[in-house]
Amino acid sequence: MPTLLAARAQMGTSLAFHIVFSVLGVGLPLLLCIAEGLALYRKDAVLMTLARRWAKAAVIIFAIGAVSGTIVEFELGLLWPTYIQFIGAVIGPLFAFEGFAFFLEAIFFGIYLYAWDYLSPRTHWLCSFPIWIGGLASTWFIVTANAWMNTPTGFEYTNGKLTGIDSLAAIANPSTPYQTVHMALACYAACGFGVAAVYAIALLRGKRDDYHRKALLLGLVMASVAIPLQIISGDFNARYLSTAQPAKLAAMEGVFLTGRHVPLNIGGLADPKTEKVYYSIPIPDGLSLMVDYNPDGEIRGLDSFPPEDRPNPLPVHLSFDGMVGSGFFALFIAILFWFLYYRRKRVIPEQKWMLVGIALAGFLSFVAVELGWMVTEWGRQPWTIYNYLRTSQAVTTAPFLNISFLIFSCIYVVLAITMTTLLLRLGRKPFPEMVWSNVAAGRQATPRSEEEELKLSL
Numbered sequence: 001m002p003t004l005l006a007a008r009a010q011m012g013t014s015l016a017f018h019i020v021f022s023v024l025g026v027g028l029p030l031l032l033c034i035a036e037g038l039a040l041y042r043k044d045a046v047l048m049t050l051a052r053r054w055a056k057a058a059v060i061i062f063a064i065g066a067v068s069g070t071i072v073e074f075e076l077g078l079l080w081p082t083y084i085q086f087i088g089a090v091i092g093p094l095f096a097f098e099g100f101a102f103f104l105e106a107i108f109f110g111i112y113l114y115a116w117d118y119l120s121p122r123t124h125w126l127c128s129f130p131i132w133i134g135g136l137a138s139t140w141f142i143v144t145a146n147a148w149m150n151t152p153t154g155f156e157y158t159n160g161k162l163t164g165i166d167s168l169a170a171i172a173n174p175s176t177p178y179q180t181v182h183m184a185l186a187c188y189a190a191c192g193f194g195v196a197a198v199y200a201i202a203l204l205r206g207k208r209d210d211y212h213r214k215a216l217l218l219g220l221v222m223a224s225v226a227i228p229l230q231i232i233s234g235d236f237n238a239r240y241l242s243t244a245q246p247a248k249l250a251a252m253e254g255v256f257l258t259g260r261h262v263p264l265n266i267g268g269l270a271d272p273k274t275e276k277v278y279y280s281i282p283i284p285d286g287l288s289l290m291v292d293y294n295p296d297g298e299i300r301g302l303d304s305f306p307p308e309d310r311p312n313p314l315p316v317h318l319s320f321d322g323m324v325g326s327g328f329f330a331l332f333i334a335i336l337f338w339f340l341y342y343r344r345k346r347v348i349p350e351q352k353w354m355l356v357g358i359a360l361a362g363f364l365s366f367v368a369v370e371l372g373w374m375v376t377e378w379g380r381q382p383w384t385i386y387n388y389l390r391t392s393q394a395v396t397t398a399p400f401l402n403i404s405f406l407i408f409s410c411i412y413v414v415l416a417i418t419m420t421t422l423l424l425r426l427g428r429k430p431f432p433e434m435v436w437s438n439v440a441a442g443r444q445a446t447p448r449s450e451e452e453e454l455k456l457s458l
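With full-length UniProt numbering as the guide, the letters of the sequence shown map in order to residues 1 to 458.
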């Protein structure tokens, strides 16, 4: 495998694995914060049990995510030394800020997990806020660094040297608000649907009790708030790309020729050799209307860029359509669920087809996140830093990348098996571990036997 391909394959595998933990690390802490807050407000033992269980699951995911994130940081330096030299001088402080956010999250995770019996219920609940705020802040810092790669600002580059560096201007690059909002909403939508999917599968297996119903309901509440906002933010992103990264937009939509009255191609294969989109469903004037609100709006095609500066439209267009399709399917399931929920006077619809739809929406939400990042990264190619540093110039010249790719792939398999095993063990334990009715009432939890606890929970 050539060095560049091996480096990209290794980095892509690492990011595809790590982004799952990033999504859960942002969404799950907010979900357990909401669950505990509602438990205290309503004096609800079931919701308090959920918060307890989700706290343990969140810590497991946080620990595995910390390992995979550390690997990614090492790979940045090992695989892309020129990129690190370039980015470190301009926007390096963002990585330091992300480190502070990570430590904030880790410290309060420890307090939150082990101080249930030592803090008042309200104080304990307040300790969950730095966790989800820290996770959100970490995402904001990292995504801002990626946004800068797409629209680099805050420096001058002359004769191969960086001068006039302004890190604050780099952080405030034009892509930051679009990408950070879009990613944050993606985390909440995917995590919400993912949690709902877990409990939908449990309901399908016959575990039809308040614990599983309320868990499914909470997950869908968060997902249903985030998913329409996520789709709206995606629309703003695509429109913004028409001026910031027109080559990426052309690859996303399979536009080969610059023109007006450009159709919107739904699905299909964008063949760069023939410069045609096959098997698509074209909507006349659709793309021109979306971008300019005018059917006569001009859209730049890939023909307006030199061949060596064009992203490959085949994977970019497929990934983009897969992302959009997955997002709209999840939105459809959420709308249908709430329609039936309120039609049945706030009774959760437990038909098999609905629960299967929720489970599928949970899976597709994470598929959408993965495909979205593929669009972001493949759509910027052949640039690592748009219009300044090519990917081929950023890669290391070190040998044996094939071997390191194999080693790191094995590490990810071990981490995935470890996490799955721990979460399955946690899910199979009898619940709750404590009498949460006391906690919900504002008193300290009292240990009981597992048999007593199970009777009380049911």
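Where is the CB? At the ideal position from N, CA and C, for every residue including glycine.
Is residue i near residue j, with beta carbons less than 7 Å apart?
i: Ser175; j: Thr139; result: no
i: Gly27; j: Cys191; result: yes
i: residue 516; j: Ser14; result: There is no way to answer for residue 516, as the model of the chain reaches only from 1 to 458.
i: Ala394; j: Trp80; result: yes
i: Ala197; j: Ala359; result: yes
i: Leu422; j: Lys56; result: no
i: Met193; j: Ala361; result: For clarity, residue 193 is Phe in the given sequence; the question names Met instead. Contact: yes.
i: Ser233; j: Val181; result: yes
i: Leu162; j: Ala89; result: yes
i: Thr3; j: Leu406; result: no
i: Tyr240; j: Tyr279; result: no
i: Ala334; j: Ile403; result: no
i: Leu355; j: Ala200; result: yes
i: Met183; j: Val143; result: yes
Between the Cα of residue i and those of the options, spot the shortest distance and give me the residue it belongs to.
i: Leu203; options: Leu32, Leu424, Leu422 and Lys352; result: Lys352
i: Leu185; options: Trp148, Lys214, Thr163 and Asn237; result: Asn237
i: Ile281; options: Glu275, Lys248, Pro246 and Asp321; result: Asp321
i: Leu47; options: Tyr211, Lys429, Val225 and Val414; result: Tyr211
i: Ser159; options: Arg428, Tyr388, Leu415 and Gly110; result: Per the sequence presented here, residue 159 reads as Asn, with Ser not at that position. Nearest option by C-alpha distance: Tyr388.
i: Ile283; options: Asp296, Glu275 and Pro263; result: Pro263
i: Gly12; options: Leu119, Phe408 and Trp132; result: Phe408
i: Trp125; options: Leu4, Asn312 and Cys33; result: Cys33
i: Phe155; options: Gly327, Tyr412, Ala172 and Phe141; result: Ala172
i: Thr274; options: Asn312, Leu287 and Arg239; result: Asn312
i: Arg428; options: Ile231, Arg208, Phe332 and Arg53; result: Arg53
i: Val195; options: Arg208, Phe363 and Ala416; result: Phe363
Does residue i come out as helix, strand or coil in the three-state DSSP assignment?
i: Ala200; result: helix
i: Asp309; result: helix
i: Glu156; result: strand
i: Arg52; result: helix
i: Gly259; result: strand
i: Leu340; result: helix
i: Lys248; result: helix
i: Ile348; result: coil
i: Asn265; result: strand
i: Val395; result: coil
i: Leu289; result: helix
i: Leu168; result: helix
i: Asp209; result: coil
i: Leu136; result: helix
i: Trp383; result: strand
i: Tyr178; result: helix
i: Leu389; result: strand
i: Lys43; result: coil
i: Leu119; result: coil
i: Asp235; result: helix
i: Lys214; result: helix
By Cβ distance below 7 Å, which residues in the same chain neighbour residue i in space, the five residues on each side in sequence not counted?
i: Gly25; result: Ile61, Phe62, Gly65 and Gly135
i: Leu104; result: Pro130 and Gly134
i: Trp148; result: Ile91, Ala170 and Asn173
i: Ala6; result: Leu401, Asn402 and Phe405
Quick one: what's got a C-beta closer than 6 Å to residue i's C-beta in the same chain, skipping five residues either side?
i: Gly301; result: Ala250, Val255, Phe256, Leu257 and Thr258
i: Phe366; result: Ala190
i: Ile348; result: Arg213
i: Leu50; result: Ala35 and Ala215
i: Ala145; result: Ile91 and Leu94
i: Met374; result: Ser319
i: Arg260; result: Asp296 and Glu298
i: Met323; result: Ala368, Leu371 and Gly372
i: Leu340; result: Pro349
i: Pro382; result: Arg390 and Thr391
i: Lys276; result: none
Who are the Cβ neighbours of residue i in its own chain at under 8 Å, not counting the five residues just before and after it?
i: Ala244; result: Asn150, Thr151, Pro174 and Ser175
i: Trp132; result: Val26, Pro29, Leu30 and Cys33
i: Glu451; result: Confidence is the limiting factor: at Glu451 the pLDDT is only 41, short of 50, which leaves the residue's position unreliable and the question unanswerable from this model.
i: Leu113; result: Ala55, Lys56 and Val59
Would residue i count as contacting chain C if we go by Cβ distances under 7 Å?
i: Tyr112; result: The structure shown contains no chain C; it is built from a single protein chain.
Point to revise | Contact the region 263-276 vs the region 315-332: 3+ CB pairs below 8 Å | key: Between the region 263-276 and the region 315-332 there are three or more inter-stretch CB-CB distances shorter than 8 Å, so the stretches are counted as touching.
Review point. Counting pairs of Cβ atoms below 8 Å between the region 63-83 and the region 15-29, do you hit three or more?
Key: Three or more beta-carbon pairs separated by less than 8 Å link the region 63-83 to the region 15-29, which places the two stretches in contact.
Review point. Is it a yes or a no for the region 303-314 touching the region 342-349, going by three-plus beta-carbon pairs under 8 Å?
Key: Contact between the region 303-314 and the region 342-349 is absent, because fewer than three Cβ pairs lie under 8 Å.
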